[in-house]
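First up is the structure itself, then whatever we jot down about it.
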Amino acid sequence: MSQYVVAEPTLDQPYYGVSFLGAFKRGFRKYARFDGRASRSEFWWFTLGCILAVILLMGLAVLATVAFGEPNGDGTRSVPVLGGVLLVLTGLFYLAILLPSLAVTVRRLHDAGYSGWWVLFRLIPYAGDLVVLILNVQPSIPAGARYDRPPAGWAGPR
32 MSQYVVAEPT
42 LDQPYYGVSF
52 LGAFKRGFRK
62 YARFDGRASR
72 SEFWWFTLGC
82 ILAVILLMGL
92 AVLATVAFGE
102 PNGDGTRSVP
112 VLGGVLLVLT
122 GLFYLAILLP
132 SLAVTVRRLH
142 DAGYSGWWVL
152 FRLIPYAGDL
162 VVLILNVQPS
172 IPAGARYDRP
182 PAGWAGPR
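Residue numbers for the sequence shown follow our numbering, beginning at 32 and rising by one.
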């Protein structure tokens with residue numbers, strides 16, 4: 032009985048069945064690559080990782096405010112320095128994931144056979160996000176390969 036070792040696909044190819052950590056790393060390695068494709072697992076694991084990181088940072092900021100904030104006279108608490116720092120870190124992290132999230136969404140649309148320009152529907156409040164979400168849950172199709180980079184040295188059809 033022989034065993035096969037399956038190597039991780041190159042960054043030019045989608046990675047079907049990627050793990051959570053693998054998708055998160057891959058999303059940042061391909062942070063500004065809008066060509067090619069991303070599998071559903073690549074897209075959803077990366078998205079989940081970003082959401083969890085933002086929730087963690089925001090949760091820590093809230094905890095710091097509750098624990099160290101001084102009560103105001105109107106029933107609220109002032110934001111302590113630690114809470115402010117965590118809020119700034121959350122904002123910086125959000126800016127850091129903006130481009131990779133956009134790129135992985137475009138690559139996911141490619142894998143489902145759609146143009147990456149569909150991501151512009153996200154500019155329409157609520158309905159646009161729903162349209163892009165529906166397109167992102169579509170299965171991968173072979174026609175999506177047209178969005179891959181051509182092999183090195185390929186001169187195109189003659």
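For glycine and all other residues, C-beta sits at the position ideal for the given N, C-alpha and C. Predicted model, so just to flag it, every value in this text is computed and none were measured.
8 Å contact criterion, which residue i and residue j should meet: CB distance rounded
i      : j      : result
PHE99  : GLY114 : 7 Å
PHE228 : ALA54  : Only positions 32 to 189 of the chain appear in the structure, and residue 228 is not among them; the question remains open.
VAL135 : ALA69  : 5 Å
N-terminal and C-terminal residue of the alpha helix (DSSP H) that residue i is part of
i      : result
TYR125 : 112 to 142
PHE55  : 51 to 60
ASP66  : Segment: none, ASP66 is in no alpha helix (DSSP H) and carries neither H nor E.
Per DSSP, cross-strand counterpart(s) of residue i
i      : result
PRO102 : ARG108
Reduced DSSP category for residue i - H, G, I as helix; E, B as strand; rest coil
i      : result
ASN80  : The amino acid at residue 80 is misidentified as Asn; the sequence shows Gly. Three-state DSSP puts GLY80 in a helix.
TYR47  : coil
THR96  : helix
LEU161 : helix
ARG153 : helix
ARG180 : coil
Proximity test, residue i beta-carbon vs the ligand GDP heavy atom, cut-off 8 Å
i     : result
LYS56 : Within the structure as shown, the ligand GDP is missing, as the structure has no ligands at all.
Please confirm if the region 102 to 112 is in contact with the region 59 to 66, defined as three or more CB-CB distances below 8 Å between the two stretches.
no
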